[in-house]
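Undergrad: Would you mind keeping the following structure in view while I ask a few things?
There are 2 protein chains.
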Amino acid sequence: MEYDQKKVEVCFTPAVFDCFRDPETVVVVVDVLRATSAICSAFMNGVDKIIPIGTIEEAREYKNKGYLLAAERDGFVLDFADFGNSPYNFTPERVKGKTIVYSTTNGTQAIQLASSCHKVAIGAFLNLSSLSQWLINQNRNVVILCAGWKNRFSLEDAVLAGAIAKKVLDHAGFYTECDSTLASLDLWSLAEPDIIGYIDKAAQRSRLRKNGLDDVIGFCHTLDLTHMIPLYSDGVLVAISEPAAVC
Amino acid sequence: MEYDQKKVEVCFTPAVFDCFRDPETVVVVVDVLRATSAICSAFMNGVDKIIPIGTIEEAREYKNKGYLLAAERDGFVLDFADFGNSPYNFTPERVKGKTIVYSTTNGTQAIQLASSCHKVAIGAFLNLSSLSQWLINQNRNVVILCAGWKNRFSLEDAVLAGAIAKKVLDHAGFYTECDSTLASLDLWSLAEPDIIGYIDKAAQRSRLRKNGLDDVIGFCHTLDLTHMIPLYSDGVLVAISEPAAVC
Chain V
3 MEYDQKKVEV CFTPAVFDCF RDPETVVVVV DVLRATSAIC SAFMNGVDKI IPIGTIEEAR
63 EYKNKGYLLA AERDGFVLDF ADFGNSPYNF TPERVKGKTI VYSTTNGTQA IQLASSCHKV
123 AIGAFLNLSS LSQWLINQNR NVVILCAGWK NRFSLEDAVL AGAIAKKVLD HAGFYTECDS
183 TLASLDLWSL AEPDIIGYID KAAQRSRLRK NGLDDVIGFC HTLDLTHMIP LYSDGVLVAI
243 SEPAAVC
Chain X
3 MEYDQKKVEV CFTPAVFDCF RDPETVVVVV DVLRATSAIC SAFMNGVDKI IPIGTIEEAR
63 EYKNKGYLLA AERDGFVLDF ADFGNSPYNF TPERVKGKTI VYSTTNGTQA IQLASSCHKV
123 AIGAFLNLSS LSQWLINQNR NVVILCAGWK NRFSLEDAVL AGAIAKKVLD HAGFYTECDS
183 TLASLDLWSL AEPDIIGYID KAAQRSRLRK NGLDDVIGFC HTLDLTHMIP LYSDGVLVAI
243 SEPAAVC
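If you read the sequences in order, they're chains V and X.
One gets the working numbering by counting positions in the first sequence from 1 and adding 2 to each.
One gets the working numbering by counting positions in the second sequence from 1 and adding 2 to each.
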């Protein structure tokens with residue numbers, strides 16, 4: 003490690019985020035299938051704001067106040083929601099210029115968990131290069147928080163964490179001494195030549211297939227469709243645009 | 003999955019063991035550097051029983067009762083202990099026929115955590131083939147619990163988990179749908195051609211090196227030195243011998 007290099011860490015499950023929590027750190031939340039991919043899609047399609055919320059009770063309250071509500075549990079749309087968690091729901095016709103309230107099984111809780119840190123960004127394959135460039139520009143320690151599945155490790159989130167870590171660590175200002183980052187980098191190196199083929203074995207891939215929701219797999223693993231970087235602050239997600247050299 | 007196949011899962015940190023806990027399951031605890039390697043060495047060298055304990059207070063109580071005490075925290079021997087956590091401490095001269103009380107930073111807590119499950123075995127590279135054969139013979143669901151480092155992911159534990167999972171899953175009676183198992187298998191496939199070279203980047207490798215304790219790295223990553231399988235029951239570890247075809 004050189005003097006003043008910033009460190010990169012990966013947290014595989016929200017259950018151990020306390021080991022990584024630091025008010026000076028930038029946190030990237032990843033939930034490839036499907037929350038953070040859906041959020042990036044929504045901003046790509048012109049949504050104005052997203053309010054991520056944790057509980058079904060909160061979701062109902064917001065709906066009663068007249069908000070547009072996207073909400074699911076275990077892949078199924080809540081019956082009082084306007085739509086669920088597929089990125090395909092967040093079309094320009096539906097979301098442009100709007101504020102959406104959003105609640106999912108794992109992703110939104112992870113976003114709220116990170117809220118005490120310096121900045122919280124939303125990561126997906128869809129904004130990989132722009133996000134990584136933005137992280138480098140922040141010049142701070144980075145924690146990539148995998149939303150996982152009910153506190154368990156998710157392969158697709160670890161692979162994306164590895165992809166982000168690789169791009170950031172390619173910059174001389176960053177280093178890692180974190181085993182979960184090293185494992186993520188290795189998983190990304192195995193997945194990169196054929197991401198969809200690699201991820202086919204993942205548990206969440208099977209869960210979605212079982213529920214007929216696996217139409218989004220290809221889309222959620224597409225690299226660099228957008229420059230938008232959703233940031234969470236004061237309970238609300240808004241996005242900035244960060245053109246990346248690679249994008 | 004075929005009918006009546008048993009499943010294999012890997013738990014990367016004791017912090018999420020509740021997601022895997024099942025009274026019908028066989029749990030293998032792994033803490034390659036150094037607790038479970040040291041335990042396997044001790045039984046290889048003829049120790050009669052090991053009493054794993056969690057807290058420093060308990061360690062002191064046992065010592066005061068006259069027990070031989072092996073105890074460390076963060077790699078350093080507790081000042082009132084007879085010796086620390088290096089497998090090299092557990093020589094035949096010191097341990098043969100004896101009962102040892104044992105407390106380490108991560109490993110012994112993980113063993114106690116698993117104690118509500120059907121059986122708890124101790125895994126190391128040192129007993130890889132015999133342990134895997136024993137697991138196959140049990141014909142039950144298997145959870146491999148990585149002790150990790152203070153609730154964080156440890157690369158060397160995940161690699162051993164992958165090695166065990168590979169041997170068990172090569173048997174037709176077992177399957178996996180668990181992402182952390184899939185990741186472990188991939189990490190093992192990367193590490194297998196040169197385990198020591200692969201593990202050189204691990205955080206615990208650096209911690210031990212910094213404290214001058216890295217003399218055990220090669221030994222702890224040696225395959226199949228023993229047939230002994232330490233089992234935890236009623237607060238005590240005793241070992242059985244399970245000759246493996248490969249050993």
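From the three backbone atoms N, C-alpha and C, an ideal C-beta is built for every residue, glycine too.
1) Quick one: residues in its chain with C-beta nearer than 8 Å to the C-beta of residue 173 (chain V), no 5 flanking neighbours on either side, listed in chain order?
2) Short check: CB of residue 2 (chain X) to CB of residue 167 (chain X), under 8 Å?
3) So that I know if they touch, is there some Cβ in chain V lying closer than 8 Å to that of residue 148 (chain X)?
4) Sorted by chain position, which residues of the same chain lie with C-beta nearer than 6 Å to residue 240 (chain X)'s C-beta, five sequence neighbours on each side aside?
5) Within 8 Å, do at least three Cβ pairs link the segment 27-39 of chain V to the segment 118-136 of chain V?
6) How is residue 174 (chain V) classed by DSSP in three states: helix, strand or coil?
7) What residue does the beta strand (DSSP E) around residue 231 (chain X) start on, and which one ends it?
8) Please confirm whether residue 89 (chain V) and residue 170 (chain V) have their CB atoms less than 8 Å apart.
9) Rounded to the nearest angstrom, how far is the Cβ of residue 163 (chain V) from that of residue 108 (chain V), given a contact under 8 Å?
10) My assumption, with CB atoms under 8 Å, is that residue 237 (chain X) sits in contact with residue 102 (chain X). Please give the rounded CB distance.
11) Residue range of the alpha helix (DSSP H) that residue 222 (chain X) falls in?
12) Spatial neighbours of residue 2 (chain V) within its chain, please: C-beta separation below 6 Å, excluding the five flanking residues on both sides.
13) Round the Cβ separation of residue 113 (chain X) and residue 10 (chain X) to the nearest angstrom and send it over; I've been treating them as touching at under 8 Å.
14) For residue 82 (chain V), count the other beta carbons within 10 Å of its own beta carbon; 16 or more makes it buried, fewer makes it exposed. Which is it?
15) What does residue 146 (chain V) pair with, by DSSP beta-bridge criteria?
16) Considering only residues of the same chain and omitting the five flanking positions on each side of residue 48 (chain V), which have a CB-CB separation below 6 Å?
17) Taking a cut of 9 Å between CB atoms, which residues from the segment 51-74 of chain X lie near chain V?
18) My output table needs one value for residue 99 (chain V): the three-state DSSP class, helix, strand or coil.
19) Under 6 Å Cβ to Cβ from residue 200 (chain X), same chain only, skipping five residues before and after it: list those, please.
20) Do you know offhand how far residue 67 (chain V)'s Cα is from residue 230 (chain V)'s?
21) Where residue 22 (chain V) and residue 153 (chain V) are concerned, what is the direct C-alpha to C-alpha distance, given to the nearest angstrom?
22) Which chain V residues are close to residue 188 (chain X), counting only those with a beta carbon under 8 Å from its beta carbon?
23) For the alpha helix (DSSP H) holding residue 112 (chain X), just list the boundary residues, first then last.
24) Rounded to whole angstroms, what's the CA-CA distance from residue 42 (chain X) to residue 62 (chain V)? Just pull it up for me.
25) Enumerate, from N- to C-terminal direction, the unbroken alpha helix (DSSP H) stretches of 4 or more residues contained entirely within the segment 58-99 of chain X.
26) Do residue 146 (chain V) and residue 12 (chain V) have their beta-carbon atoms positioned less than 8 Å apart in this structure?
27) Can you check DSSP and say which residues form a bridge with residue 151 (chain X)?
28) Could you confirm whether any beta carbon from chain X is found closer than 8 Å to the beta carbon of residue 211 (chain V)?
29) What are the partner residues of residue 125 (chain X), as DSSP defines its beta bridges?
30) Quick one: list the residues of chain X neighbouring residue 217 (chain V), beta-carbon separation under 8 Å, in chain order.
31) Establish whether the CB of residue 19 (chain X) and some CB of chain V are separated by less than 8 Å.
32) In the DSSP output, which residue or residues are listed as bridge partners for residue 54 (chain V)?
33) Just to confirm the assignment, what range does the beta strand (DSSP E) spanning residue 186 (chain V) have?
34) Hey, out of V:124, V:14, V:75, V:130, whose CA is closest to residue 105 (chain V)'s CA?
35) Please classify residue 124 (chain X) as buried or exposed, where buried requires at least 16 neighbouring CB atoms within 10 angstroms.
TA: The structure says:
1) If the five residues before and after residue 173 (chain V) are omitted, its C-beta is found closer than 8 Å to the C-beta atoms of 138, all from its own chain and listed in chain order.
2) Because chain X here runs from 3 to 249, residue 2 (chain X) falls outside it and cannot be looked at.
3) By this cut-off, residue 148 (chain X) is not an interface position.
4) Apart from the 5 residues on each side of it in sequence, residue 240 (chain X) sits with its Cβ closer than 6 Å to the Cβ of 51 in its chain, given in chain order.
5) By the Cβ rule, the segment 118-136 of chain V counts as touching the segment 27-39 of chain V, because three or more pairs are nearer than 8 Å.
6) Residue 174 (chain V) falls in the coil class under three-state DSSP.
7) DSSP places residue 231 (chain X) in the uninterrupted beta strand (DSSP E) bounded by 230-235.
8) No, Cβ-Cβ distance for residue 89 (chain V) and residue 170 (chain V) is not below 8 Å.
9) At roughly 15 Å, the Cβ-Cβ gap does not stay under 8 Å, so residue 163 (chain V) and residue 108 (chain V) are not in contact.
10) Actually they do not touch by this definition, with Cβ atoms about 13 Å apart.
11) Per DSSP, the unbroken alpha helix (DSSP H) holding residue 222 (chain X) starts and ends at 219-222.
12) Limits of chain V in this structure are 3 at one end and 249 at the other, which puts residue 2 (chain V) out of reach.
13) No, residue 113 (chain X) and residue 10 (chain X) are not in contact; Cβ-Cβ is about 20 Å, not under 8 Å.
14) Under this definition residue 82 (chain V) is an exposed residue.
15) Residue 146 (chain V) pairs with V:12, V:30.
16) Its chain contains 94, 98 as the residues whose beta carbon lies nearer than 6 Å to that of residue 48 (chain V), once the 5 sequence neighbours on both sides are disregarded; these appear in chain order.
17) So nothing in the stretch comes that close.
18) In this structure, residue 99 (chain V) counts as coil in the three-state DSSP scheme.
19) Correct list, in chain order: 193.
20) Taking the straight line from one Cα to the other gives about 28 Å.
21) Distance between the alpha carbons of residue 22 (chain V) and residue 153 (chain V): 15 Å.
22) Neighbours of residue 188 (chain X) on chain V, chain order: 188, 189, 192.
23) Residue 112 (chain X) -> alpha helix (DSSP H) spans 109-115.
24) Per the coordinates, the alpha-carbon of residue 42 (chain X) lies some 55 Å from the alpha-carbon of residue 62 (chain V).
25) DSSP runs (the alpha helix (DSSP H)) wholly in the segment 58-99 of chain X: 58-66, 94-97.
26) Cβ atoms of residue 12 (chain V) and residue 146 (chain V): closer than 8 Å.
27) DSSP lists X:154 as the beta-bridge partner residues of residue 151 (chain X).
28) Judged by the 8 Å Cβ criterion, residue 211 (chain V) is not in contact with chain X.
29) X:32.
30) Here the premise fails: no neighbours, minimum Cβ distance about 21 Å.
31) No, its Cβ sits nowhere closer than 8 Å to a Cβ of chain V.
32) DSSP, once it has assigned bridges, lists V:104 as partnering residue 54 (chain V).
33) That residue, residue 186 (chain V), is in no beta strand (DSSP E); its alpha helix (DSSP H) goes 181-193.
34) Checking every option, the nearest Cα to that of residue 105 (chain V) belongs to V:75.
35) So residue 124 (chain X) counts as buried.
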